[in-house]
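To start, the structure itself, in structure tokens.
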Amino acid sequence: MRSLIDILELDTTEIQQLIDKANDIIANPVKYSEKCKGKKLATLFFEPSTRTRLSFEAAMYELGGNVLGFSEAQSSSAAKGESIADTAKTTSCYADIIAMRHPKEGAPLVAAMNASIPVINAGDGGHNHPTQTLTDLLTIYREKGRLDNLTVGFCGDLKFGRTVHSLINALSRYENIKFVLVSPVELKLPSYVKETLKKNNLEYVQTTDLDSVMPELDILYMTRVQRERFFNEEDYLRLKDSYILRPERLNTAKADLAIMHPLPRVNEISVEIDNDPRACYFKQVLNGKYIRMALILKLLEVE
Ligand code: CP
543 MRSLIDILEL
553 DTTEIQQLID
563 KANDIIANPV
573 KYSEKCKGKK
583 LATLFFEPST
593 RTRLSFEAAM
603 YELGGNVLGF
613 SEAQSSSAAK
623 GESIADTAKT
633 TSCYADIIAM
643 RHPKEGAPLV
653 AAMNASIPVI
663 NAGDGGHNHP
673 TQTLTDLLTI
683 YREKGRLDNL
693 TVGFCGDLKF
703 GRTVHSLINA
713 LSRYENIKFV
723 LVSPVELKLP
733 SYVKETLKKN
743 NLEYVQTTDL
753 DSVMPELDIL
763 YMTRVQRERF
773 FNEEDYLRLK
783 DSYILRPERL
793 NTAKADLAIM
803 HPLPRVNEIS
813 VEIDNDPRAC
823 YFKQVLNGKY
833 IRMALILKLL
843 EVE
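Quick note, the working numbering runs 542 ahead of the 1-based positions in the sequence shown.
Right under this line is the structure:
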């Protein structure tokens, strides 16, 4: 029995297999429509979500399975003091696989250590979000036809953005990726993530100036400033509008730039950009369902 807590638990061969499976599901949805008949997915969400929870649920329904769960801690027995370990043991009696989101780093790992069914980390605090990373990798692959030889810009809240941390770790294993890290000084990439880049001798630049690096980017991964992880509102208000992507900012960008965002967005990408052919963030949303279908099949060992 296998769980997925950190994207690095999947090697690049397995990632490619998941991407290939997702592409096959996209091409042949009917072939997969009963693969999980009789199986149940439990979505245990202790923190708000739209995409991750709904895409997991849609994924399981489209595989012919069923879904149970809760969408906020207050409607579970966590509100009465139940531990993660006991919640995981209990859910193992009712479901075949768990997707868990929790505000505390490490909570899905604790669940995996106590569950008797696979646990998928659906986002833990500012730490990791491996299924968003799989979504992002599928999107990059579908847009660019490769996961190597790319200049990838990350812009916004690189300190608290767990999707950024997971995607940098994942891309660090591919050839000739150049990382361009654009953030306010206060929201720089944490040193423990930067260590991965240094340890692997990967090329990266850090800057506060998005416009100066725009022409070289193949991918621009925008992120929201994560209000819920700030210690004080004053700092959030000062930093929240550091980068707003408006159409004129794309004048110097490549014609085939892929603009990505894990969403939700607040105002860091102007809605006028939604109709630009380079905007990929709603394609990302859809890709998230297909890659989660592929992951559920893998972890449930369904052929
Ligand atoms: N990208 C993402 O994790 O979105 P949600 O918070 O809506 O799940």
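C-beta atoms are modelled at their ideal positions from N, C-alpha and C, and glycine is treated no differently. This structure is a prediction, so every number in the text was calculated from the model and none was measured.
Over the uninterrupted alpha helix (DSSP H) stretch that includes F520, give me the two end residues.
This structure leaves residue 520 out entirely; the chain is present only between 543 and 845.
What do you get for L855, buried or exposed, if any count of 16 or more other CB atoms within 10 angstroms of its CB means buried? Residue 855 lies beyond the stretch modelled for the chain, which goes from 543 to 845, so this question has no answer here.
What do you get for F773, buried or exposed, if any count of 16 or more other CB atoms within 10 angstroms of its CB means buried? exposed
Practice item. Can you grab the Cα-Cα spacing for the pair N656 / A649, in whole Å? Key: Answer to the nearest angstrom: the Cα atoms are 11 Å apart.
Legend entry - Cβ pair count under 8 Å reaching 3, the segment 736 to 755 against the segment 708 to 718: yes
**Item:** Below 7 Å from a heavy atom of ligand 1 - residues by beta-carbon
**Value:** P590, S591, T592, R593, T594, R595, G665, H671, Q674, T705, P804, L805 and P806
Quiz item: DSSP puts M764 in a beta bridge; with which residues?
Solution: C697
Three-state secondary structure (DSSP) of H803 = The DSSP-derived three-state label of H803 is coil.
- Task: Kindly give me the distance between the Cβ atoms of L709 and L759, rounded to whole angstroms, as I take these residues to be in contact under 8 Å.
- Result: Actually they are not in contact, since the Cβ atoms of L709 and L759 sit about 14 Å apart, beyond 8 Å.
Contacting residues, own chain, Cβ-Cβ under 6 Å from I626 (five flanking each side not counted): A649, V652 and A653
Endpoints, beta strand (DSSP E) assigned at Q616: Here Q616 belongs to no beta strand (DSSP E), and DSSP marks it neither H nor E.
- Message: Using a 10 Å radius around the Cβ and a threshold of 16 neighbouring Cβ atoms, would you call N809 buried or exposed?
- Response: exposed
Would you call the segment 821 to 841 in contact with the segment 687 to 698, where contact means no fewer than 3 C-beta pairs closer than 8 Å? Flag = no, the segment 821 to 841 and the segment 687 to 698 do not touch.
Extent of the continuous alpha helix (DSSP H) run through G665: It is not in any alpha helix (DSSP H) - G665 instead sits in the beta strand (DSSP E) that spans V661 to D666.
Reduced DSSP secondary structure (H/G/I, E/B, other) of T794
coil
Original post:
So, is T554 buried or exposed, given that buried needs 16 or more other C-beta atoms within 10 angstroms?
Top reply: exposed
Practice prompt. Starting from the Cα of I682, find the closest Cα among K577, S658 and H803 and give me that residue.
Written response: H803
Simplified DSSP assignment, three categories, for N656: helix
**Study point:** Meets three-Cβ-pair contact criterion under 8 Å: the segment 592 to 612 and the segment 567 to 584
**Key:** yes
E551 burial status per 10 Å Cβ neighbour count (16 or more: buried)
The residue is exposed, with fewer than 16 neighbouring Cβ atoms inside 10 Å.
**Item:** CA nearest to the CA of A664, picked from V727, L583 and R684
**Value:** L583
Helix or strand or just coil, what does DSSP make of A637? When DSSP states are grouped into helix, strand and coil, A637 belongs to the coil group.
Item to check | Separation of A621 from L762, as counted between CA atoms | outcome: 39 Å
message: Only counting the same chain, and skipping five residues up and downstream in sequence, which positions put a Cβ closer than 7 Å to that of E556?
response: Excluding residues within five positions, none has a Cβ falling inside 7 Å.
Give the DSSP-derived three-state secondary structure of V844 in the structure shown.
coil
Candidates R780, C822 and L723, of which the one nearest L752 by Cα: L723
Quiz item: Cβ atoms of S545 and F587: under 7 Å apart, would you say?
Solution: no
Between the Cα of V572 and those of E624, T585 and Y603, spot the shortest distance and give me the residue it belongs to. Y603
* To do: Have a look at the DSSP bridge pairing and note the partners of V724.
  => V724 is bridged to C697 and T749.
For a quick check, are the C-beta atoms of M756 and T794 less than 7 Å apart? Judged by beta-carbon spacing, T794 lies within the 7 Å limit of M756, meaning their Cβ atoms are closer than that value.
Discussion item. Tell me the residue span of the alpha helix (DSSP H) that contains K686.
Written reply: Start and end: P672 to K686.
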